[in-house]
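K.L.:
Protein chains in written order, with this note's numbering: chain A, 394 to 697; chain G, 394 to 697; chain S, 394 to 697; chain Z, 394 to 697. Yeah, the Cβ is synthetic: ideal placement off N, Cα and C, and Gly gets one too. This is the structure I have questions about; it appears just below.
Number of protein chains: 4
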Amino acid sequence: MTTHEFTPDHYHVTMGSHDPVLRIADGDTVVTTTVDARGRDSNDELVTEPGNPQTGPFYVEGAEPGDALAVRFDRITPNRRRGFTGALIAERILEPAFVRTLPPKREVNWDVDVEKQSVTLTDPESKIHGYTVPMVPMLGCFGVAPPRGQAISTATSYVNGGNMDYRGHVEGVTVYFPVATPGALFHLGDGHAVQGDGEIVGTGVEISMDVQFTAWVVKNSNIVWPRTEDDDYLMAFGNARPLDEALQYATTELLRWLDADYGLDTESASIMLGQTIEYEIANVFDPAYTVVAKLKKSWLDQIS
Amino acid sequence: MTTHEFTPDHYHVTMGSHDPVLRIADGDTVVTTTVDARGRDSNDELVTEPGNPQTGPFYVEGAEPGDALAVRFDRITPNRRRGFTGALIAERILEPAFVRTLPPKREVNWDVDVEKQSVTLTDPESKIHGYTVPMVPMLGCFGVAPPRGQAISTATSYVNGGNMDYRGHVEGVTVYFPVATPGALFHLGDGHAVQGDGEIVGTGVEISMDVQFTAWVVKNSNIVWPRTEDDDYLMAFGNARPLDEALQYATTELLRWLDADYGLDTESASIMLGQTIEYEIANVFDPAYTVVAKLKKSWLDQIS
Amino acid sequence: MTTHEFTPDHYHVTMGSHDPVLRIADGDTVVTTTVDARGRDSNDELVTEPGNPQTGPFYVEGAEPGDALAVRFDRITPNRRRGFTGALIAERILEPAFVRTLPPKREVNWDVDVEKQSVTLTDPESKIHGYTVPMVPMLGCFGVAPPRGQAISTATSYVNGGNMDYRGHVEGVTVYFPVATPGALFHLGDGHAVQGDGEIVGTGVEISMDVQFTAWVVKNSNIVWPRTEDDDYLMAFGNARPLDEALQYATTELLRWLDADYGLDTESASIMLGQTIEYEIANVFDPAYTVVAKLKKSWLDQIS
Amino acid sequence: MTTHEFTPDHYHVTMGSHDPVLRIADGDTVVTTTVDARGRDSNDELVTEPGNPQTGPFYVEGAEPGDALAVRFDRITPNRRRGFTGALIAERILEPAFVRTLPPKREVNWDVDVEKQSVTLTDPESKIHGYTVPMVPMLGCFGVAPPRGQAISTATSYVNGGNMDYRGHVEGVTVYFPVATPGALFHLGDGHAVQGDGEIVGTGVEISMDVQFTAWVVKNSNIVWPRTEDDDYLMAFGNARPLDEALQYATTELLRWLDADYGLDTESASIMLGQTIEYEIANVFDPAYTVVAKLKKSWLDQIS
């Protein structure tokens, strides 16, 4: 396995079948960087147009349609101090009549201290100036080229991944994507120093990142939606509107996973999931909303 | 404060302005029982018609429209061994085309062992016969009389509570309801020995319960939707279709709570919640779905 | 058949199993009046509390659960001059961010001229003062007692009918309701001198009415949702949120109708409806939205 | 103005910034053909991959971002006899539990007789073999390049148009699109000899077409969603899930139209639309659903 160092010199605001920036072998590791959602880099300099610009795509040799691409995030670390967030819950997340009471929209800055692992509001105008939360770095937007030669905005998400804005996509997790085109074409960007459920102010603490990832091919996996795994959980994703439909996709994908990898038929899986499943709402801000259907792996210990 | 022992002799399958079974003072405690969702009691005998039959209603003196009724669940304990669940994820929770592949519906029994705090599938026909999960008893359906003289089926939920089927409604939590009628008229039932998120098989482990609760009045609270509190969390509820709308109600109710009780204006609350809010999907089976907007109380420690 | 003249002296703001105001025989006709949505009568005097107060309920002898109650509206005529409407499209019907731009809410009056069959805006403050549309009188809210002893607010709608606010419910149509309780218990109210699709300003031109209707029982009909028929169309209703789900109910009810009354199996009906069905959006303002699935009866002429 | 005859030799299954097949001047006319949804031409021969393959794109000189492209369909005529449709209402359009009762999916053929203007089911296996409806030819999928360099599947629709599957898109209408890229890049395809509301069997009567259209540029129009106009109606489109959101887009776009072109402020437009607006459900089958908000032009006659 090789480790590649890659310094991006251009970015994409769609996920599509763009020319690869690097070809890597099955199992290789890449050390690279991502700019923030507005196109600013580690020096807080504007280097590309805004809208979740993506580093990549990376061509992974051997990946073919019908396979899954697995990507493990080995490291996700903010590489500058200034982050920023929205300062108001988005209109679509509030009761329609309550929207009339909202003050004007603005953005606020946060100081991201990697050493102290903390994120602090630095907005003297705000009544909670100095408010501090622990740092939990994650990537909001990443994925592979979508099917049918499409190029889809990094504002939204789909079967290929995209702007799922899930706070659980932190260092250490492995994400599986359905491969739609040879080489899979992995893109990544949109780092958050921390984020709440739902990305309800339209942002996490947006920031540029140092990222290391390792990618490999799972042949003939035939997954339909992205899946994420860590030491403790299986997680299946659905990206759609309304949330009800995103939840249908996520739940059905988890059933397919339990069938294919654990031999559980629909009834057995239903009996188990009925009392054990967990759902998370990843984002309710982007054009497609994202629901995560999760199962603690320990619930599978009793299945031979 | 008085503790009342109350043995029900009839039940209701709507929440409404029914004749109270007992009048209690502000702050009193009631020790009583609930039958299971199908109307079976601690002897597994059918004593009333099915459909989440409710014990009560209890009239709490001093409760008036504009107040909140607070109810703390002091004890929720299964009072028999047999529980039952659905054996298939409901059609509405799966991709529409996947529904064509489903086997027939049926129900399965579980053995609820209060001493061992465990719940075990007892269905020799099932491939996972003997599957065991820890017991986490909760109530699925409870609430006060709804506004405007309505009587609303205990199959669904609304501003007054009802069939929210939230796995977090366990022993020790306090729930607040908007009072719509003098005495509030508190109803309770639909115990589950355990339940997963979403109540996706249409049931938790349905069982009859011994319940103790304490009720008191919070004057002039003007809450709109149910709120729940435990040692660690504030939780606001929205009950509606689609989930997107339930989430709007829950999020807006949490904003109202933070404003009224913690003096946080919409912008300050938004900045904080954007990075700290948690959502749970309580149920996606009942006619109204339920979303919970949660905030860890410790996030409020920095607010003077 | 008997014709009854009935003058209401009280009204209901829920549909439920209230004491009947009159018992009529299968096939009888009733001549009565309805107050406007705010409780004002033909003299524009407030005679009851607001919220679509209902005249009735009328007990129809012979109606039993499992039957349908048929009601033909023989006459719906405004009985005063002043109507009123909202002056702004409701927040929930507009893009969430657009809601921030809305001016304050208010109501405007219209002059309803039954002789000229016209409805004219009489609001000197408005830029379109004097704007005139033809009169097309209809009833927004009517129905039978819902199942399970419920009493449901006349703000919303359900399987029993209710506040469907469909502009097509004019003089001459016949509506069928699933009977849930002996006598069916028919309620009616909420007249509009005219209304657009969707009831998007939250009202039609609200007004009190003279109404004549004829009611009869269809034994063992087993309909699930309200159905309406006129000379030209079959119309099936679904009342739910989101519209997608209302449309599912309406479409499935139309399939059941074509099966039961025209012997069309699902495939044949699908082939025909695929190229001939029409949908209308009745209301998108009330808690439950209403979709109408319509089929021109002439499309059935080719079916032997 | 020039009339161009254009014979396509390749097609696209995304709408995007593809190389133009022809550059035309502002006001020019094009006479061309479209293949059916599965890629079959006037000889019923497979000439390209399935999925609403598009003829074009056509580059219209002078069209710039911020402008609207206007396209009038001068002629839409089936150019072969065989059409086909689905034979079952799609699962997502039916009550979830009803889906369990569905027979297997299949397709059926129809004979399209342009001379007689009729469309006849030719499926001896079907119980309604020979069923005939009048021909009303329309195009289901057409539009311009979407913003941000995207390439979006012709299975779905968006701000740029796409697979809206609206039965009202017949000969004689003019459609306006927001221009996102120089030349606008107009694509067209997916002809239907006839279609019902909602495209509920997943198809109209799919067929190849002879099409003539005329295109011109409306400078600085700043429209957001597609708009269609004929002699009688203004029609604004929203493409999204759920229908509730598509309706929000369509309604708000109609408000913008009335403001920009007729000087109607939000309140005046609301008062008028409240009693006059009409909605149509164009499709509930594609990934994005389509709602049309319509206003009869005659309602504007009273506005000076």
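With a cut-off of 8 Å, does the C-beta of GLU500 (chain Z) fall near any C-beta of chain S?
P.N.:
no
K.L.:
Decide if SER601 (chain G) is buried, meaning its Cβ has at least 16 other Cβ atoms within 10 Å, or exposed.
P.N.:
buried
K.L.:
Who are the Cβ neighbours of HIS522 (chain A) in its own chain at under 8 Å, not counting the five residues just before and after it?
P.N.:
LEU514, THR515, ASP516
K.L.:
At a CB-CB cut-off below 7 Å, which residues of chain A make contact with ARG485 (chain S)?
P.N.:
PRO489
K.L.:
Where GLU398 (chain A) and GLY449 (chain A) are concerned, what is the direct C-alpha to C-alpha distance, given to the nearest angstrom?
P.N.:
13 Å
K.L.:
For my contact list, PHE477 (chain Z) and GLU500 (chain Z) are in at a C-beta cut-off of 8 Å; report their separation, rounded to the angstrom.
P.N.:
Confirmed, Cβ separation roughly 5 Å.
K.L.:
Give the DSSP-derived three-state secondary structure of ALA538 (chain A) in the structure shown.
P.N.:
When DSSP states are grouped into helix, strand and coil, ALA538 (chain A) belongs to the coil group.
K.L.:
Identify the contact partners of VAL492 (chain Z) in chain G, using a Cβ-Cβ distance below 7 Å as the criterion.
P.N.:
GLU484, PRO489, VAL492, ARG493
K.L.:
Does chain S have any CB closer than 8 Å to the CB of VAL610 (chain G)?
P.N.:
Not an interface residue.
K.L.:
So GLY667 (chain A) is in the alpha helix (DSSP H); what residue range does that whole segment cover?
P.N.:
659-669
K.L.:
Can you tell me whether LEU651 (chain S) is buried or exposed? The criterion is at least 16 other CB atoms within 10 Å of its CB, across all chains shown.
P.N.:
Around the C-beta of LEU651 (chain S), 16 or more other C-beta atoms lie within 10 Å, and the residue is accordingly described as buried.
K.L.:
How would you list, in chain order, the residues of chain Z whose beta-carbon sits under 7 Å from the beta-carbon of SER546 (chain A)?
P.N.:
ARG541, GLN543
K.L.:
Apply the 10 Å Cβ neighbour rule to LYS509 (chain A) and answer buried if 16 or more other Cβ atoms are within range, or exposed otherwise.
P.N.:
exposed
K.L.:
Suppose you measure from the CA of LEU648 (chain A) to the CA of VAL552 (chain A); what does that come to, to the nearest Å?
P.N.:
16 Å
K.L.:
Considering only the beta carbon of each residue, do GLU599 (chain S) and ASP434 (chain S) sit closer than 8 Å?
P.N.:
no
K.L.:
Check whether the stretch 660-677 of chain A touches the stretch 572-585 of chain A, taking contact to mean three or more Cβ pairs, one atom from each stretch, closer than 8 Å.
P.N.:
no
K.L.:
Let me know the secondary structure DSSP gives LYS558 (chain S) once reduced to three states.
P.N.:
In the sequence on display, residue 558 (chain S) carries Asp and not Lys. Coil, per DSSP.
K.L.:
Report yes if the C-beta distance between ILE545 (chain G) and GLY533 (chain G) is below 8 Å; otherwise report no.
P.N.:
Their beta carbons are not under 8 Å apart, which means ILE545 (chain G) does not touch GLY533 (chain G) by this criterion.
K.L.:
Taking all protein chains shown into account, do 16 or more other C-beta atoms lie within 10 angstroms of the C-beta of ARG560 (chain G), making it buried, or fewer, making it exposed?
P.N.:
It counts as buried.
K.L.:
Which residue wins for smallest C-alpha separation from PHE630 (chain G), given the options G:VAL604, G:ALA608, G:PHE606, G:GLU671?
P.N.:
G:GLU671
K.L.:
Can you confirm whether GLN605 (chain G), when its beta carbon is compared against all beta carbons of chain A, has any partner nearer than 8 Å?
P.N.:
no
K.L.:
Below 8 Å on the Cβ atoms is my guess for ASP677 (chain S) versus LEU640 (chain Z); work out the distance and round it to an integer in Å.
P.N.:
According to the sequence as given, residue 677 (chain S) is Val; it is not Asp. Indeed, because the Cβ distance is near 6 Å, the residues count as touching under 8 Å.
K.L.:
Which residues in chain Z sit within 9 Å of PRO458 (chain A), going by Cβ to Cβ distance?
P.N.:
In chain order: nothing, as chain Z lies at least about 14 Å away.
K.L.:
Judging by CA-CA distance, which residue of G:LEU688, G:THR645, G:GLY459, G:GLY479 is the nearest neighbour of ASN613 (chain G)?
P.N.:
G:GLY459
K.L.:
Under 8 Å by Cβ, that's how I've got GLN605 (chain G) and THR422 (chain G) pegged, so tell me the actual separation to the nearest angstrom.
P.N.:
6 Å
K.L.:
Hey, could you find the ends of the alpha helix (DSSP H) LEU487 (chain G) is sitting in?
P.N.:
Here LEU487 (chain G) belongs to no alpha helix (DSSP H), and DSSP marks it neither H nor E.
K.L.:
Relative to the C-alpha of VAL526 (chain A), which residue among A:GLY565, A:ALA586, A:PHE570 is closest?
P.N.:
A:ALA586
K.L.:
Would DSSP call VAL572 (chain Z) helix, strand or coil?
P.N.:
coil
K.L.:
Is it buried or exposed, ASN436 (chain S), if we count other Cβ atoms within 10 angstroms and call 16 or more buried?
P.N.:
exposed
K.L.:
Near GLU442 (chain G), which residues of its chain fall below 7 Å by C-beta distance, leaving aside the five closest residues on each side in sequence?
P.N.:
VAL406, GLY432
K.L.:
GLY701 (chain A) touches chain Z at which residues, Cβ-Cβ below 8 Å?
P.N.:
The displayed coordinates of chain A run from 394 to 697. Any statement about residue 701 (chain A) would go beyond what the structure contains.
K.L.:
What does GLN588 (chain Z) reach in chain D if we use C-beta pairs closer than 9 Å?
P.N.:
Of the protein chains in the structure, A, G, S and Z, none is chain D.
K.L.:
State yes or no: is the beta carbon of ALA633 (chain A) nearer than 8 Å to at least one beta carbon in chain Z?
P.N.:
yes
K.L.:
CB ALA480 (chain Z) to CB GLU454 (chain S), shorter than 8 Å?
P.N.:
Contact flag unset, no.
K.L.:
Classify LEU495 (chain G) as helix, strand or coil using the three-state DSSP reduction.
P.N.:
coil
K.L.:
Below 7 Å on C-beta distance, what does GLY476 (chain G) contact in chain A?
P.N.:
Residues of chain A passing the Cβ test: none, with the nearest at roughly 10 Å.
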